[in-house]
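For the sequence shown, my numbering gives the first residue as 1, with consecutive numbering after it.
We put the beta carbon where it would ideally sit given N, CA and C, even for glycine.
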Amino acid sequence: MGILKNGLNGPVKGRVGKIVYYELNGQNVSRSIGVIPENWTIPQLSVRMKTSISSKLLKHLKAFFNVGFSIEIKGTTQNTFNMAVGINSQKMMTGVYPNFKVDFSKLVLSRGLLNPGADLQASVTEEVISFTWAATPTMQWPESTDLVMMIAYFPEKERSLVTIGGNARNTGADQLTLPPSLKGLRAETYIAFVAADRKQVSDSTYLGSLNLAIQ
Numbered sequence: 001m002g003i004l005k006n007g008l009n010g011p012v013k014g015r016v017g018k019i020v021y022y023e024l025n026g027q028n029v030s031r032s033i034g035v036i037p038e039n040w041t042i043p044q045l046s047v048r049m050k051t052s053i054s055s056k057l058l059k060h061l062k063a064f065f066n067v068g069f070s071i072e073i074k075g076t077t078q079n080t081f082n083m084a085v086g087i088n089s090q091k092m093m094t095g096v097y098p099n100f101k102v103d104f105s106k107l108v109l110s111r112g113l114l115n116p117g118a119d120l121q122a123s124v125t126e127e128v129i130s131f132t133w134a135a136t137p138t139m140q141w142p143e144s145t146d147l148v149m150m151i152a153y154f155p156e157k158e159r160s161l162v163t164i165g166g167n168a169r170n171t172g173a174d175q176l177t178l179p180p181s182l183k184g185l186r187a188e189t190y191i192a193f194v195a196a197d198r199k200q201v202s203d204s205t206y207l208g209s210l211n212l213a214i215q
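Written out as structure tokens, the structure reads:
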């Protein structure tokens, strides 16, 4: 049942027939309720499986997306997670249906106009994952005050460690502390930068897969 929020001239909220009305990012939008076909084609099954796999994985990276796509969604009816799924669900997969695998190097976690940085690296010790990038104490403002965004995703545990708004760009380094439950596991690592006022971000960069068991 649809509800007229502000009388006859107000927006509708809820379901009316096969249409669902709701509010997203301050805008009134609607979507139709789809009909599931009895006989899926291989291309349809392929898209469905890719979306399912990507959604399950990407939900563990939401904290990063909430900032990484916060600029990209402005002026749209999308939220940050939906945009992340739309960007990544097809490009992050390799293989042929039904044997898909995730190519972590293809994941996009952030989009923006800030400088993504140079000489970006991730390394691991027994206690921390260290992130480093090119920096000098004389970097110009406001770039010098950009804050690092770091994430390490652990596929075997389906967990992530994330820092949003870490050390300033002119420091050249920051760390993620490893809890005992994640030591010895493989980690997929990414980095980006966000302006100190949160009004702009950089594209994310994949820093590689770290095998924490062999360091």
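Beta-carbon contacts of residue i that lie in its chain and below 6 Å, excluding the five residues immediately before and after
| i | result |
| --- | --- |
| residue 177 | 128 |
| residue 206 | 105, 190 |
| residue 118 | 134 |
Alpha-carbon spacing of residue i relative to residue j, whole angstroms
| i | j | result |
| --- | --- | --- |
| residue 121 | residue 52 | 31 Å |
| residue 158 | residue 212 | 15 Å |
| residue 91 | residue 48 | 14 Å |
| residue 169 | residue 155 | 28 Å |
| residue 110 | residue 142 | 20 Å |
| residue 188 | residue 69 | 20 Å |
| residue 201 | residue 116 | 9 Å |
| residue 99 | residue 67 | 32 Å |
| residue 59 | residue 82 | 10 Å |
| residue 135 | residue 198 | 20 Å |
| residue 133 | residue 40 | 48 Å |
| residue 230 | residue 86 | With the chain covering only 1 through 215, there is no way to say anything about residue 230. |
| residue 140 | residue 179 | 36 Å |
Of the residues the options, the one placed nearest residue i, counting alpha carbons only
| i | options | result |
| --- | --- | --- |
| residue 107 | 95, 145, 191 | 191 |
| residue 65 | 116, 203, 171, 207 | 203 |
| residue 232 | 99, 81, 145, 100 | Nothing can be reported for residue 232, as the shown portion of the chain is limited to 1 through 215. |
| residue 138 | 152, 160, 126, 172 | 172 |
| residue 124 | 152, 136, 112, 61 | 152 |
| residue 112 | 179, 72, 183, 93 | 72 |
| residue 97 | 61, 78, 46, 126 | 46 |
| residue 221 | 210, 180, 179 | Because the chain spans 1 through 215 in this model, residue 221 falls outside it and cannot be assessed. |
| residue 126 | 183, 119, 87 | 183 |
Rounded Cβ spacing between residue i and residue j (contact assumed at less than 8 Å)
| i | j | result |
| --- | --- | --- |
| residue 147 | residue 84 | The pair is not a contact, with the Cβ atoms about 20 Å apart (cut-off 8 Å). |
| residue 103 | residue 131 | The Cβ separation is near 21 Å, so there is no contact. |
| residue 50 | residue 89 | 5 Å |
CB of residue i within 8 Å of CB of residue j, strictly
| i | j | result |
| --- | --- | --- |
| residue 166 | residue 150 | yes |
| residue 63 | residue 162 | yes |
| residue 181 | residue 61 | no |
Close Cβ partners of residue i (< 7 Å) along its chain, the five nearest in sequence each way excluded
| i | result |
| --- | --- |
| residue 95 | 101 |
| residue 208 | 122, 189 |
| residue 42 | 97 |
| residue 54 | 85, 88, 89, 92 |
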